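Numbering (my numbering), first residue to last: 4 to 175.
I have placed the structure first, in the form of structure tokens, so that the comments after it can refer back to it.
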């Protein structure tokens, strides 16, 4: 499984600038360093990176999104707070312990990228970890983010918390 995931993600991932790249999220969490940080997740960027070559039905995608959210909630005790941000139709927030699931408001012309950028730019410190491969978000927030987690590392970690991309990915 992990070998398959390794092949799915861009190994040349580089956020640019002075931001660190967390390549071993397990170690970052194991030594409890992560508990001092808030985690911001560009949810669809992460999910769609895993499935960039395989169309899936809306019903399957909804199931994957729910399983992804549950795995993030299980992972959340390793962080101070977690912000899981999705593109949405109407602005909505759900709270699960220290996890805030946020759906951006398409009707107000806002997408998940803009929500993440706004939330991060409000920070007065850089105790934030960003999970995305989106260059625009990375470039606009690198001054207030300690490190970026690339999708492969994030998926590897979620696998340990019970999330698999099946039936999301077609594995031959």
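We put the beta carbon where it would ideally sit given N, CA and C, even for glycine.
Here the structure is a predicted model, which means the values were calculated and not measured.
Exercise. With which residues is residue 96 paired in a DSSP beta bridge?
Worked result: 105
Problem set entry | Per-residue burial, residue 42 [other beta carbons within 10 Å of its own, 16 or more giving buried] | buried
Exercise. Between the segment 109-121 and the segment 64-75, do at least 3 Cβ pairs fall closer than 8 angstroms?
Worked result: no
Problem set entry | Under the three-state DSSP convention, the category residue 67 falls into | helix
Problem set entry | Through-space distance from residue 123 to residue 136, alpha-carbon basis | 16 angstroms
Problem set entry | Which residues DSSP lists as bridging residue 163, in chain order | Per DSSP, none; premise fails for residue 163.
For this session: Put residue 110 into one of helix, strand or coil per three-state DSSP.
Result: helix
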